[in-house]
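Asker: Before I ask anything, let me first share the structure, which is written out below as structure tokens.
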Amino acid sequence: MNKPPPTSAPPASALTAQDLDDLLNGAAVLGAGGGGPRSIGQQIIDRLVAAGTLPQLIDPADLPDDALGAVSAFAGAPDAVTGDFDYTPALTAFTALSAKAAAPLAFVLPGEVGAGNTFIPMAVAAGLSPALPVVDCAGARRAIPALGEDTYAAAGVPIAPMIIASPTQTLGLDVPDAITADAVLRGVIDGLGDNAGIAMWTMTGATVRTAAVLGTTRYALELGRTIRQAPAGGKVAAAVAFLGGTVLGRGPIKSHGETTSGGFDLGTTVVTCDDGSVLTIYNQNENLIAWSSKSAAPLAMAPDLICFLTDDGVGFSNADPQAAPGTVVTVVAQPSVPAMRVPFIVDQFRAQLAAIGYAGPYVPFGG
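In our numbering, the protein residues as written are 52 to 418.
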């Protein structure tokens with residue numbers, strides 16, 4: 052049986068090279084320690100600009116109700132990504148998912164915000180024939196360690212069929228929910244080099260508007276632009292003001308260590324702050340919880356954001372070269388968007404926090 056033709060292409064606008072540079076830095080900040088290293092986003096930007104295939108960004112309001120799209124992403128441990136980044140497995144996965152859909156997919160959705168996973172959907176969208184627009188939204192306005200922390204999961208959008216692709220293998224999963232899918236994904240990803248392209252969460256334009264965090268790409272872009280346009284010496288303050296965040300501490304990184312297991316980077320960052328306190332941030336790819344030597348309670352915890360910036364306003368992840376002893380870092384906490392504070396998502400983060408030794412309640416940052 053032939054598929055119906057795709058819904059006519061919705062209106063979209065091309066991002067400029069400057070937009071992409073600003074987006075990279077804003078997304079790196081919002082990645083909250085995760086979301087992939089900056090090198091992934093930079094490589095994708097360089098290739099898109101060189102090829103003249105600048106990504107098309109579409110407002111969710113402009114998606115036809117019945118048009119179909121899906122999430123494109125990479126899963127695994129960022130420290131496993133070295134050298135030239137090959138995003139073709141994500142393109143393979145999306146193409147395979149489109150072949151399974153009731154109609155050809157008409158747009159690409161980001162799963163999260165980060166220096167890598169904001170740009171992978173853009174690379175996939177630009178690499179398709181014809182090219183598709185990327186929607187200005189995501190399943191989280193931050194990077195997340197697990198699929199169950201995505202608003203698509205919280206909204207009950209079916210994740211299946213889910214396609215996982217490596218350079219040599221393509222696997223299809225028919226799983227009942229995002230939590231199960233994440234467990235299966237972590238079980239197979241070691242055999243795929245701790246990195247794999249994935250495509251999942253096929254949904255209509257109408258569903259996007261109710262299940263996604265809207266405006267995330269533009270938000271990250273504006274954050275990056277704000278930092279770039281701020282004067283030297285004022286870039287961190289400009290970022291904090293834009294975020295409505297709070298500085299937890301500033302000082303040199305004393306130690307930073309990461310180990311890779313089960314598709315995650317697990318690690319600790321210790322910062323010796325200017326005020327004499329010592330900050331300790333624990334991560335599972337993304338920063339999960341921050342403690343101070345001067346406080347009996349944690350300062351901030353996921354789903355709220357714990358972000359890293361250098362003095363010149365460069366956001367970075369736990370997988371970036373800046374996350375090394377001696378780098379002077381400002382650690383900033385930002386309250387999460389309300390959609391990330393729903394019980395379903397908070398429960399997933401609490402399980403991860405318990406796994407690294409924190410069994411207390413979620414205490415929203417900023418009340």
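Heads up, the beta-carbon is just placed ideally off N, CA and C, and yes, glycines get one too.
This structure is a prediction, so every number in the text was calculated from the model and none was measured.
1. Three-state secondary structure (DSSP) at R301?
2. Taking the C-alpha atoms as reference points, what is the distance between S343 and D325?
3. Determine the contact status of L239 and D362, defining contact as a CB-CB distance below 9 Å.
4. Just mark V380 as buried or exposed, buried being the case when its beta carbon has 16 or more other beta carbons within 10 Å.
5. Does DSSP classify L243 as helix, strand or coil?
6. Using the Cα positions of A150 and P376, report the straight-line distance between them to the nearest angstrom.
7. Within 10 angstroms of the Cβ of P349, are there 16 or more other Cβ atoms? Answer buried if so, exposed if not.
8. Compute the beta-carbon to beta-carbon distance between A234 and F125, rounded to the nearest angstrom, for a pair I have assumed lies under 8 Å.
9. Are G165 and G87 closer than 9 Å when you measure CB to CB?
10. Could you check whether C188 and L265 sit closer than 9 Å to each other, using their CB atoms as the reference points?
11. Hey, could you find the ends of the alpha helix (DSSP H) A101 is sitting in?
12. Would you kindly check if the distance between the Cβ of L198 and the Cβ of A157 is under 9 Å?
13. Alpha carbon to alpha carbon, how far is T104 from V175? Give it in angstroms, no decimals.
14. Tell me where the beta strand (DSSP E) around A399 begins and ends.
15. So, using beta-carbon positions, are S328 and T319 closer together than 9 Å?
16. Take the Cβ of A341 as the centre, count every other Cβ of all protein chains shown within 10 Å, and call the residue buried at 16 or more, exposed below.
17. Touch check for the segment 400-410 and the segment 366-373: three-plus C-beta pairs under 8 Å?
18. Where Y138 and Y413 are concerned, what is the direct C-alpha to C-alpha distance, given to the nearest angstrom?
19. Within the same chain, show all residues whose beta-carbon is closer than 8 Å to that of D117, passing over the 5 residues directly before and after it, in chain order.
20. Exposed or buried, S387, counting other C-beta atoms within 10 Å across all chains shown (16 or more means buried)?
21. Can you give, in chain order, each stretch of the beta strand (DSSP E) that sits fully within the segment 194-262 and has at least 3 residues?
22. Ignore the nearest five residues each way along the sequence and tell me which others in M52's own chain have a CB closer than 6 Å to its CB.
23. Looking at the unbroken alpha helix (DSSP H) that takes in N168, where does it start and where does it end?
24. Where does Y333 sit, in a helix, a strand or coil, going by DSSP?
25. I'd like the span of the alpha helix (DSSP H) that includes A68, first residue to last.
26. If you count every other CB in all the chains shown that lies within 10 Å of the CB of A68, and 16 or more means buried, which is it?
27. Nearest by alpha-carbon distance to R392: which of A262, G167, T202 is it?
28. Using the Cβ count rule (16 or more neighbours within 10 Å means buried), how would you classify T219?
29. Taking only the alpha-carbon atoms, compute the straight-line gap between A292 and R269 and give it to the nearest angstrom.
30. For the putative contact between L224 and A205, defined by C-beta atoms under 8 Å, what is the C-beta separation to the nearest angstrom?
31. Thinking just about the alpha-carbon of each residue, which of E309, L160, S346 is nearest to the one in N338?
32. Suppose contacts are defined by Cβ-Cβ distances below 9 Å. Is G120 in contact with L66 by that definition?
33. Straight-line CA distance for A232 to M213?
34. To the nearest angstrom, how far is the alpha carbon of L356 from that of S180?
35. How many whole angstroms separate the CB atoms of G96 and L114, which I take to be in contact at a CB cut-off of 8 Å?
36. Between which residues of its own chain and L299 is the CB-CB distance below 8 Å, once the five residues before and five after are set aside?
Answerer: Short version:
1. strand
2. Taking the CA atoms as reference points, S343 sits about 13 Å from D325.
3. A quick correction: the sequence has Val, not Leu, at residue 239. The answer is no: Cβ separation not under 9 Å.
4. buried
5. helix
6. Each residue's Cα considered, the two are about 47 Å apart.
7. buried
8. Wrong, their Cβ atoms sit about 18 Å apart, outside the cutoff.
9. yes
10. yes
11. For A101, the enclosing alpha helix (DSSP H) starts and ends at 89-102.
12. For A157 and L198, no; Cβs fall outside 9 Å.
13. 11 Å
14. With the sequence shown as reference, residue 399 is identified as Gln, and Ala is not the correct amino acid for it. Not the beta strand (DSSP E): Q399 falls in the alpha helix (DSSP H), residues 394-406.
15. no
16. buried
17. Cβ pair count under 8 Å is below three, so no.
18. 36 Å
19. T58, T255, G256, A257
20. buried
21. 213-216, 221-224, 246-255
22. Residue placement at M52 cannot be trusted, given a pLDDT of 41 that sits under 50; what the coordinates show is reported in the next sentence. Closer than 6 Å at Cβ, skipping near neighbours: no residue.
23. Taken as a continuous stretch (DSSP letters only), N168 belongs to no alpha helix (DSSP H), as it is neither H nor E.
24. If DSSP states are grouped into helix, strand and coil, Y333 belongs with the strands.
25. Residues 68-81.
26. The residue is exposed, with fewer than 16 neighbouring Cβ atoms inside 10 Å.
27. T202
28. exposed
29. 17 Å
30. About 20 Å separates the two Cβ atoms, so there is no contact after all.
31. Ranking the options by Cα distance to N338, first place goes to E309.
32. no
33. 8 Å
34. Using only the alpha carbons, I get a separation of about 37 Å.
35. The question names Gly, yet the displayed sequence has Ile at residue 96. At roughly 25 Å, the Cβ-Cβ gap does not stay under 8 Å, so I96 and L114 are not in contact.
36. Same-chain partners within the cutoff: L330, A341, S343, L350, A351, I357, V382, V383, A384.
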